[in-house]
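Colleague:
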Amino acid sequence: MTSSVDRRPPVEVVLCPGGPALVRGQDLPVDVVLTDEAAAAPRRPVVAVCRCGRTGREPWCDGTHKLAGRRARPQRSGTGTDGEDDR
């Protein structure tokens with residue numbers, strides 16, 4: 030019996046502490062859907078997606094989180110002070 034399941038290589042998402050979400054995989058580009066339903070498609074095997082909201086290249090990380098420091102990061106809804114999800 031043959032399977033019709035798509036056997037594409039996995040895409041890995043790594044959440045960097047105090048930094049971006051790294052998206053890597055052999056099957057890029059992936060589509061990153063923005064809040065206005067527009068899509069951004071990276072063309073590299075590893076991309077950094079901003080999680081702090083301060084980047085000038087949304088949705089991509091531009092390193093601004095390094096200048097702002099961890100204490101200055103805005104508190105996100107559903108996130109406790111220790112970084113653990115409190116939902």
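Start counting at 1 in the sequence shown, then tack on 29, and there's your number in this note's numbering. C-beta: ideal position from N, C-alpha, C; glycine also. Just so it is clear, the structure is predicted and the values come from calculations on it, not from any experiment.
#1: How is the alpha helix (DSSP H) around L44 delimited, first residue to last?
#2: Figure out for me which residue from A77, R86, E87, D60 has the closest Cα to the Cα of P46.
#3: How would you call G107, buried or exposed, if buried means at least 16 neighbouring beta carbons within 10 angstroms?
#4: Please name the residue or residues paired with G54 in a DSSP beta bridge.
#5: Along the alpha helix (DSSP H) that carries A77, what are the first and last residues, could you check?
#6: Tell me where the alpha helix (DSSP H) around L63 begins and ends.
#7: So, using beta-carbon positions, are G48 and R80 closer together than 9 Å?
#8: Mind checking whether L51 and P88 have CB atoms under 9 Å apart?
Modeller: With the given structure in hand:
#1: From DSSP, L44 is part of no alpha helix (DSSP H) but of the beta strand (DSSP E) over 40-44.
#2: A77
#3: Confidence in G107 is poor, its pLDDT being 44 and thus under 50, which makes the residue's placement unreliable; the coordinate value appears in the next sentence. G107 is exposed by the Cβ-count criterion.
#4: V40
#5: No alpha helix (DSSP H) contains A77, which is instead part of the beta strand (DSSP E) from 75-78.
#6: Here L63 belongs to no alpha helix (DSSP H), and DSSP marks it neither H nor E.
#7: yes
#8: no
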